[in-house]
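Numbering (the numbering used here), first residue to last: 1304 to 1650.
Here it is as structure tokens:
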């Protein structure tokens, strides 16, 4: 991959993640549709877990390299992440009580299908650009700390699609590639199959949107990754590479809007580089990252977009060269040993 083009994609990804998340943040969690226009966009300059947790992973990637596994990520959770909500808090509780990954993402986890892992996919895609198998594998190691089943598949899907887009720059082909790698019996695959079926059969944008709202917005958890990935993939397909059209479409569904908009922004940045973003909006995003205190406490954590881009490039150059030629295995959901007591999980 051409070094200049790759750097542009890395910068575009992180820029799009920040910009998309800022656009969607004011409507996070709303249970209704959002009629947002370009003129009504208000950028929120606040810390966002969509980006922050990926900065935490930089430390453990430097330490473990490609030997990194979910147990190592569990240790960095205990060391660096003091608290959280939903699946984050459940994973932290499990880890504190000696339940190690992947069981930590399964035991008593009502939020196992939450969006909290899917939003962490970009780091794996960028570092293992052009190797979707590796990106998907390391995404699964990440996700299994605090998710299970479709909550893991969501991050794997996005990481594989983004790693494909790093190399080929085609949003639709990348999404189709990742779809084919998703377990056919899963709720995620069946839902995304419907998104693609409506797109392929020529169903109009509004009709497709209404269909998704009717059938997917019923879930009680506004961060459900299957619902929100359906909204994001629909928006990426219908947006045709136009940042504003794509992000406004994603936000229009409501629910986990900062995550869907950030996911779309990052994906377009990977596929198209910085040219994906109108000049007007480039000037509104600060180089300085908005970070929480627990992230700022990490030694050498990047504090600007430029630093984050440089550190991502450095890790890619080091780790991609160490990858084995043989493909990494696909995700297989954790199953407890026979005889363990029944516990809550989402499937």
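Note that CB positions come from ideal geometry on N, CA and C, so glycine has one too.
Note the first and the last residue of the continuous alpha helix (DSSP H) segment covering residue 1509.
Element bounds for residue 1509: 1508-1519.
Could I get the ranges of all uninterrupted alpha helix (DSSP H) runs contained in the segment 1571-1624, with 4 residues as the minimum, in chain order?
The alpha helix (DSSP H) runs lying completely inside the segment 1571-1624 and spanning 4 residues or more are 1582-1585, 1596-1599, 1608-1622, given in chain order.
Of the residues 1430, 1417, 1394, the one placed nearest residue 1449, counting alpha carbons only:
That would be 1394, whose Cα lies nearest to the Cα of residue 1449.
Straight-line CA distance for residue 1548 to residue 1369?
Taking the straight line from one Cα to the other gives about 37 Å.
Where in the segment 1391-1451 do unbroken runs of the beta strand (DSSP E), each at least 3 residues long, occur, reported from the N-terminal end onward?
Correct list: empty.
With residue 1462 and residue 1309 assumed to form a contact (beta carbons below 8 Å), what rounded beta-carbon distance in angstroms separates them?
Between residue 1309 and residue 1462 the Cβ distance is about 17 Å, and since that is not below 8 Å, they are no contact.
Residue span of the alpha helix (DSSP H) that contains residue 1339, given as start and end:
No alpha helix (DSSP H) contains residue 1339, which DSSP labels as neither H nor E.
Nearest by alpha-carbon distance to residue 1347: which of 1601, 1603, 1617, 1560 is it?
Minimum Cα distance to residue 1347 is reached at 1560.
Roughly how many angstroms lie between the CA atoms of residue 1409 and residue 1415, to the nearest whole one?
So the two alpha carbons sit approximately 7 Å from each other.
Is residue 1576 near residue 1311, with beta carbons less than 8 Å apart?
The answer is yes: Cβ separation under 8 Å.
Sequence-distant residues of the same chain with beta carbon closer than 6 Å to residue 1440, five excluded per side:
Hits under 6 Å: 1631.
Please report the straight-line C-alpha distance between residue 1326 and residue 1564, rounded to a whole angstrom.
Note on geometry: alpha-carbon atoms of residue 1326 and residue 1564 lie some 7 Å from one another.
One question on the structure: do residue 1567 and residue 1425 come within less than 8 Å of each other, judged by their Cβ atoms?
Contact flag unset, no.
Near residue 1364, what residues of its chain come up, given a Cβ to Cβ distance below 6 Å and the 5 sequence neighbours on each side ignored?
Excluding residues within five positions, the ones whose Cβ falls inside 6 Å are 1618.
Where does residue 1373 land, buried or exposed, given buried means 16+ other C-beta within 10 angstroms?
When all chains shown are included, residue 1373 counts as buried.
Taking the C-alpha atoms as reference points, what is the distance between residue 1593 and residue 1571?
Roughly 21 Å separates the two Cα atoms.
Indicate whether the contact test is met: 3 or more Cβ pairs, each with one atom in the segment 1463-1473 and one in the segment 1502-1520, closer than 8 Å.
Touching, no.
If you draw a straight line from the C-alpha of residue 1635 to the C-alpha of residue 1444, how long is it?
Residue 1635 and residue 1444: Cα-Cα distance of roughly 11 Å.
Under a CB-based cut-off of 8 Å, is residue 1513 close to chain B?
Absent from the structure is chain B; it holds one protein chain and no more.
In whole angstroms, what separates the C-alpha of residue 1528 from that of residue 1331?
Each residue's CA atom was taken as its position, placing residue 1528 and residue 1331 some 14 Å apart.
Take the Cβ of residue 1599 as the centre, count every other Cβ of all protein chains shown within 10 Å, and call the residue buried at 16 or more, exposed below.
Residue 1599 comes out exposed.
Using the beta-carbon count (16 or more within 10 Å), is residue 1397 buried or exposed?
Label assigned to residue 1397: buried.
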